[in-house]
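Asks: Quick one: this structure, given as structure tokens, is what I'll be asking you about.
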Amino acid sequence: MAPPAQTNRSPSPSQPSGKSEVTDLKLQLRQLAGSRLPGVDDSKRELFKKVISYMTIGIDVSSVFGEMVMCSATSDIVLKKMCYLYVGNYAKVNPDLALLTINFLQRDCKDEDPMIRGLALRSLSSLNVANLVEYLVGPLNSGLKDNNSYVRMVAVIGVLKLYHISASTCTDADFPAVLKHLLLNDQDTQVVANCLLALQEIWSGEASTSEEALRERETLLSKPVIYYLLNRIKEFSEWAQCLVLDLVVKYVPSDSNEIFNIMNLLEDRLQHANGAVVLATAKVFLHMTLSMTDVHQQVYERIKAPLLTLVSSGSPEQSYAVLSHLHLLVMRAPYVFSSDYKHFYCQYNEPSYVKKLKLEMLTAVANESNTYEIVTELCEYAANVDIPIARESIRAVGKIALQQYDVNAIVDRLLQFLEMEKDYVTAEALVLVKDLLRKYPQWSQDCIAVVGNISSQNVQEPKAKAALIWMLGEYSQDMSDSPYILESLTENWDEEHSPEVRLHLLTAVMKCFFKRPPETQKALGAALAAGLADLHQDVHDRALFYYRLLQHNVTVAERVVNPPKQAVSVFADTQSSEVKDRIFDEFNSLSVVYQKPSYMFTDKEHRGPFEFSDELGNLSIGTESNVPAHVVEANDKDLLLSTSEKEEIRGAGTNGSAYTAPSYDSSLISIATQAQPDLAISNAEVAGLSPQSSLAIDDLLGLGLPAVPAPAPSPPPLKLNARAVLDPGTFQQKWRQLPLSVSEELSLSPQGAAALTTPQALLRHMQGHSVHCIASGGQSPNFKFFFFAQKAEESSIFLVECKINTSSAKAQITIKADDQSMSQAFSTLFQSALSKFGTS
Amino acid sequence: MISQFFVLSQRGDNIVFRDYRGEVQKASAEIFFRKVKFWKEDGEEEAPPVFNVDGVNYFHVKVVGLLFVATTRVNVSPSLVLELLQRIARVIKDYLGVLNEDSLRKNFVLVYELLDEVIDFGYVQTTSTELLKSYVFNEPLVVDAARLQPLNPAAIFMQGTKRMPGTAVTKSVVANEPGGRKREEIFVDIIEKISVTFSSSGYILTSEIDGTIQMKSYLSGNPEIRLALNEDLSIGRGDYRSSFGSGSVILDDCNFHESVRLDNFDTDRTLTLVPPDGEFPVMNYRMTQEFKPPFRINTLIEEAGALKAEVILKVSAEFPSSITANTIIVQMPLPKYTTRVNFELEPGALGQTTDFKEANRRLEWGLKKIVGGSEHTLRAKLTFSQEFHGNITKESGPVSATFTIPMYNASRLQVKYLQIAKKSSAYNPYRWVRYVTQANSYVARM
């Protein structure tokens, strides 16, 4: 309701300023209060309406409280309702006057008409005045026992309201127990649904202080309660069905039979016209089958068509919500959707937030068979009048090029973009060509020919200009006039506003100088002079650095500035897989729309009214229950920070600078940072301090895990220290510094893939082989681990990143080592240990 | 669970404001409106339906120019809230007959009454117009529907067919007719939105039909209804493969309203339901099977001298002459140096308008109606402010069209019969079964 205190709102001509009108109303109401003339109710209605309309637009009408209460002695239900609405709005700020209403509300709670009883009870419980709660307990008690379901429905919500006004009054009156009884016994499904939501809120609120509430909250997830609700699910309203389904998601079935039974029971919910019901059902299906890889894939297939139907029926807003979820699924399992790519084509009249999602989906589903069509379609958008989308489309083409192996056709398209003579198209395409060259140096000849024709005057956007300059420097031996273009750019140094471009210009001139010294010498001198005089600190520093480096030794300078480069194999993903998994855990919530886990946008107490599966859901990530709150908060901030940092680093990296650490690394660092709190736990487990407790957790999950395997008997030539220690900071530092020694893909034994249902299972196994885990995460089928090992009796350390996909039973390992000569031996050892997983 | 619900006018005035839980600041409506009005993030011009400002999540749907908004601090299901907002709009429309700013303002007390029953303490209690009837007592003040612009897909029938009672679709479910007794009638609308993309050579790149069988019942006593669809209807086709010529109607997928029983659906394609009061979709369906598009659009753009070009647009209606399409608008983005456009309509053209929207350099051609089988052409001479290099066809288009075709459906999905369980032999309510096809995204590339 409109704020009573908000009188400073500037009054528009159509909105009365208030004062005199309110006084006027007050007088008129007073006259009518005692009147018993025929037709008086109609006049009252008109006046009440006026009061409420003032209330809506924000005029303070609390001063007529007394008169409203006096007038409310009537049998006219419309009048009563308006009065209740008014009272509910102003009671909180007028507790004294609210007392006046108690009398008639209590009387109405005993009315013959159940409608009036319900209404009065709702108003009484909405007064929200702490010192009036004593008057509420009695009516609520009788309301819960009322023979009319409407009154019971209202009373149950009333209990919840009471809990929020005074938790102790609510629990002292033993209301939760009454609700629990109603939950399992009431005939009316809306009463049951209200009990469910009220109990969830109450017990979640109490759980932090009371063991009993914690237990009670768990009983909501017990088999009898879940089955009782599931068996009646069709009797519930569609909204209550969502509530029940949200509860079922958290239920842990005892075996796969149970899972199939539940899914069979719920399958027709996927045909519901209400998108919320379908998504809630999809969530149940997806989460229950997480550990059953094949079935999980079938679930994707099963929910695909209903979700696509929801996207195309309903309002644009509704389809956006569903599309966001589809987007998440496409990102997780692109191959399931690869033949549905046409559904993700943009329509010209769609809002840009929808088009953006679709472009990302098109990028993700592109594979050998459909790339040609998808890229053709994207090229249409690139010529579109909608410039932001045209830009996104070009970027999408570039991303596809970077993820495909066969890029011939795409490179041609990109080069055509450069010839389109639209400045923004050229700009985007330049950036892409540059990225492409870093991955596929073999294309340089073709690209350089086209890039050489672009006049640098036509490129204004800093990112594009920087990309062009980078190419001019990097490929100056192949572009005949590059020294002269760089020279003319240097001459216009002062007109170049972007420091980023000036930095790149410095480097490019240097590179060009090493390749074609006589032609560039003049430009280099000019660039260094301009750079040294530059007001921007970084530009100045870089110029000075180059200058001194050249002074010191030109050969060394060349090694530093223009070393031979390896092609970049993979560009960093913008989101770590842990974050993605967390979002997937929060399927059917805002996390999916925002593409952020809830802790990034919501206060802890609002993360979801029923979020009590944390302890069960994410063993390695959801550590809230085990770590003091402030630690988690700090970690959240770390994560936020590292994400944004990572993006910056990546930005710099993709801008062609040869010496920033490969962006790939920065994403790893952020993962390691994020995983820190887990470390405490995994370390504890790894060190064997609490094998009992970790097993208990596994039991809770109902996963039949094999016992901890015995250490491998076959002694390899390389001996590892079984008690190696490494702190995460050192790990990160080393990971950043050390060069890559070994990168391999290997297959896991089928048993191994099957046994890997949580990261913990593998951790224990590897521990047995003296390989220790520093961070782990992920969820079936994708897991990611960071291991380390130490050579026995030496300080030499090996670092491993290991990505495992259990559905394809493939593992990808990347090894870095202090002692490069031993890395192959270590790799063999690591692989043999990994291949034994699940078999011993 | 939501915290607040409010309805804002286009200018941002509060028409209705209900705070259910007091967890979000009172000024949320202003914060919301400012954010939506000045939305510009990464070049996006339109605010998405869900966004977060300082920990408060704002959800909104636009209905007839009004903003229906909900706020919450909790990480709720976005589908649930957006669906709810849409449903609230529908319930209000069921009650008021017509939903617009005027009718809302006149009936805001009734709307508050509805809102109190729909949501309690932020939780949905019921959105069934039927159930709400027993709790809601205000009588709607019906605004004059005749003066109003058509607001919903169903409203288009008001102009098209004479047989339809004009007030039918704007009738409140609770208000009585002036005569005092209600007319027994039921409306079934088959509304199809079609999307087609033609390649520059006129070949169909993608096509899709999104259909709804919409029902609005004014039958007293809730009789059971049987709705029979084509017997050759089949459902379930995962992908975009076309299977032309099989003759049968193949839906990719469909979903149903919760009142629909599908006991006989597999055997004889009949739906059984007891229709609740108010308007609701019986069934939504989606089809990517190939179909004959109702219009062909041919475009030609040719340079005619240094600073001139000519555009020829031709629209051919490829449906039977017994059918007439309404309110056709053809749009085409022109090269960005276009400064002037001279139009030349075909001789004797009636009810056609042409316009050059200078702000976004777009040509607009409006046709009041097109009879099936006919063909219409527009010539436009463009003048440019500067010389042009590059490909002129790449600088213009694609051409898009919007239209409405009553009594036509592209999917050939049909309601074979509509059976109402009889109360007595004299009971014979009016049944209206109507078809309409609208363009969703109808695009011809150049």
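Each protein sequence line maps, in turn, to chains L and E. The UniProt record's numbering puts the first residue of the first sequence at 1, with every later residue one more than the last. The UniProt record's numbering puts the first residue of the second sequence at 1, with every later residue one more than the last. Idealized CB from N, CA, C, for every residue including glycine. Please read these numbers as outputs of a predicted model, since none were measured by experiment.
Applying a beta-carbon distance threshold of less than 8 Å, which residues of chain E neighbour Val725/L?
Replies: Within chain E, no residue comes near Val725/L; the closest Cβ sits about 39 Å away, beyond 8 Å.
Asks: Are the Cβ atoms of Glu373/L and Gln404/L separated by less than 9 Å?
Replies: The answer is no: Cβ separation not under 9 Å.
Asks: Thinking C-alpha only, which one of Tyr435/E, Ile297/E, Glu139/E and His257/E is nearest Ser374/E?
Replies: Checking every option, the nearest Cα to that of Ser374/E belongs to Ile297/E.
Asks: Quick check: the stretch 259-268 of chain E against the stretch 75-83 of chain E, are at least 3 beta-carbon pairs closer than 8 Å?
Replies: Verdict: no, contact absent.
Asks: Below 8 Å, can you find three or more Cβ-Cβ pairs linking the stretch 770-777 of chain L to the stretch 283-294 of chain L?
Replies: No, the stretch 770-777 of chain L is not in contact with the stretch 283-294 of chain L.
Asks: Just checking my contact of Ser79/E with Ala276/L at CB under 8 Å: how many whole Å lie between their CB atoms?
Replies: 4 Å between Cβ atoms; contact.
Asks: Could you say which of Ser795/L, His769/L, Pro759/L and Gln767/L lies nearest to Thr730/L if we only look at CA atoms?
Replies: Ranking Ser795/L, His769/L, Pro759/L and Gln767/L by Cα distance to Thr730/L puts Ser795/L first.
Asks: Cα separation between residue 841/L and Asn370/L?
Replies: Past the boundaries of the shown model lies residue 841/L; chain L is included only from 1 to 840, so the question cannot be answered.
Asks: Could you tell me whether any Cβ in chain L is nearer than 9 Å to the Cβ of Val188/E?
Replies: It does not: the Cβ of Val188/E has no partner Cβ on chain L nearer than 9 Å.
Asks: For Leu300/E, does the three-state DSSP call read helix, strand or coil?
Replies: Leu300/E falls in the strand class under three-state DSSP.
Asks: Is the shortest distance between the beta-carbon of Glu238/L and the beta-carbons of chain E less than 9 Å?
Replies: Yes, its Cβ sits closer than 9 Å to a Cβ of chain E.
Asks: Starting from the C-beta of Glu112/L, find all residues in its chain whose C-beta is less than 8 Å away, skip the five residues before and the five after it, and write them out in chain order.
Replies: So the list is empty, once near-sequence residues are dropped.
Asks: So the candidates are Lys734/L, Thr839/L and Asn231/L; which of them puts its Cα closest to the Cα of Leu265/L?
Replies: Selected option, being the one with the closest Cα: Asn231/L.
Asks: Taking only the alpha-carbon atoms, compute the straight-line gap between Tyr427/E and Val436/E and give it to the nearest angstrom.
Replies: Answer to the nearest angstrom: the Cα atoms are 28 Å apart.
Asks: Applying the criterion that 16 or more other CB atoms from any shown protein chain within 10 Å of the CB defines a buried residue, is Thr281/L buried or exposed?
Replies: Its Cβ being crowded by 16 or more others within 10 Å, Thr281/L is buried.
Asks: Looking at the unbroken alpha helix (DSSP H) that takes in Lys511/L, where does it start and where does it end?
Replies: Here the alpha helix (DSSP H) through Lys511/L covers Pro499 to Lys515.
Asks: Just checking my contact of Asp76/L with Asp41/L at CB under 8 Å: how many whole Å lie between their CB atoms?
Replies: Asp76/L to Asp41/L, Cβ: 5 Å. Contact.
Asks: I'd like to know whether the C-beta of Leu161/L is nearer than 9 Å to at least one C-beta of chain E.
Replies: The identity of residue 161/L in the sequence shown is Lys, whereas the question assumes Leu. So, interface residue.
Asks: Three or more C-beta pairs closer than 8 Å, one from the stretch 501-511 of chain L and one from the stretch 538-554 of chain L: is that the case here?
Replies: Yes: the two stretches touch, three or more of their Cβ pairs being nearer than 8 Å.
Asks: Relative to the alpha-carbon of Tyr163/L, which residue among Val133/L, Asn185/L and Ala792/L has its alpha-carbon at the smallest distance?
Replies: The shortest C-alpha separation from Tyr163/L is found at Val133/L.
Asks: Return the residues of the stretch 48-67 of chain L that lie within a Cβ-Cβ distance of less than 9 Å from chain E, sorted by chain order.
Replies: So the list reads Phe48, Lys49, Ile52, Ser53, Met55, Thr56, Ile57 and Gly58, given in the order they occur along the chain.
Asks: Over what stretch of residues does the beta strand (DSSP E) that includes Lys40/E continue unbroken?
Replies: Counting along the chain, Lys40/E falls outside any beta strand (DSSP E), and DSSP gives it neither H nor E.
Asks: At which residues does the alpha helix (DSSP H) containing Leu227/E begin and terminate?
Replies: No alpha helix (DSSP H) contains Leu227/E, which is instead part of the beta strand (DSSP E) from Ile225 to Leu229.
Asks: Closest Cβ-Cβ distance between Thr363/L and chain A: below 9 Å?
Replies: No chain A appears in this structure, whose protein chains are L and E.
Asks: Beta strand (DSSP E) containing Val282/E: first to last residue?
Replies: Per DSSP, Val282/E belongs to the beta strand (DSSP E) from Gly278 to Met287.
Asks: Output needed in chain order: residues of the stretch 174-192 of chain L with a Cβ under 7 Å from some Cβ in chain E.
Replies: Listed by position, the residues of the stretch 174-192 of chain L near chain E (Cβ gap below 7 Å) are Gln190.
Asks: Note down, in chain order, every chain E residue with its Cβ under 7 Å from the Cβ of Met263/L.
Replies: Per Cβ cutoff of 7 Å: no residues; Met263/L is ~18 Å from chain E at best.
Asks: Quick one: does Arg73/E have its CB under 9 Å from some CB of chain L?
Replies: Chain L contact via Cβ: present.
Asks: Under 8 Å between beta-carbons, which chain L residues line up against Asp253/E? List them in chain order, please.
Replies: Per Cβ cutoff of 8 Å: Ala305, Pro306, Leu308 and Thr309.
Asks: Run through chain E and tell me which residues come within less than 7 Å of residue 850/L, C-beta to C-beta.
Replies: With chain L represented from 1 up to 840, any question about residue 850/L goes unanswered, as that position is not in the structure.
Asks: Return the residues of the stretch 583-605 of chain L that lie within a Cβ-Cβ distance of less than 8 Å from chain E, sorted by chain order.
Replies: So the list reads Glu586, Asn588, Ser589, Leu590, Ser591, Val592, Val593, Tyr594, Ser598, Phe601, Thr602 and Asp603, given in the order they occur along the chain.
Asks: For Tyr320/L, decide whether its Cβ has a neighbour in chain E, counting only Cβ atoms nearer than 9 Å.
Replies: Cβ-Cβ to chain E under 9 Å: yes for Tyr320/L.
Asks: In three-state DSSP terms, what is His772/L?
Replies: If DSSP states are grouped into helix, strand and coil, His772/L belongs with the strands.
Asks: Answer with buried or exposed for Phe5/E, where buried requires no fewer than 16 other C-beta atoms within 10 angstroms of its C-beta.
Replies: The residue in question, Phe5/E, is buried, as its Cβ has 16 or more Cβ neighbours within 10 Å.
Asks: Starting from Ser823/L and walking both ways along the alpha helix (DSSP H), at which residues does that stretch end?
Replies: Ser823/L -> alpha helix (DSSP H) spans Ser823 to Ser835.
Asks: With 9 Å as the threshold, decide whether the Cβ of Pro348/L is near any Cβ in chain E.
Replies: Going by the sequence as given, residue 348/L is Tyr instead of Pro. For Tyr348/L, the answer is yes, since a Cβ of chain E falls inside 9 Å of its Cβ.
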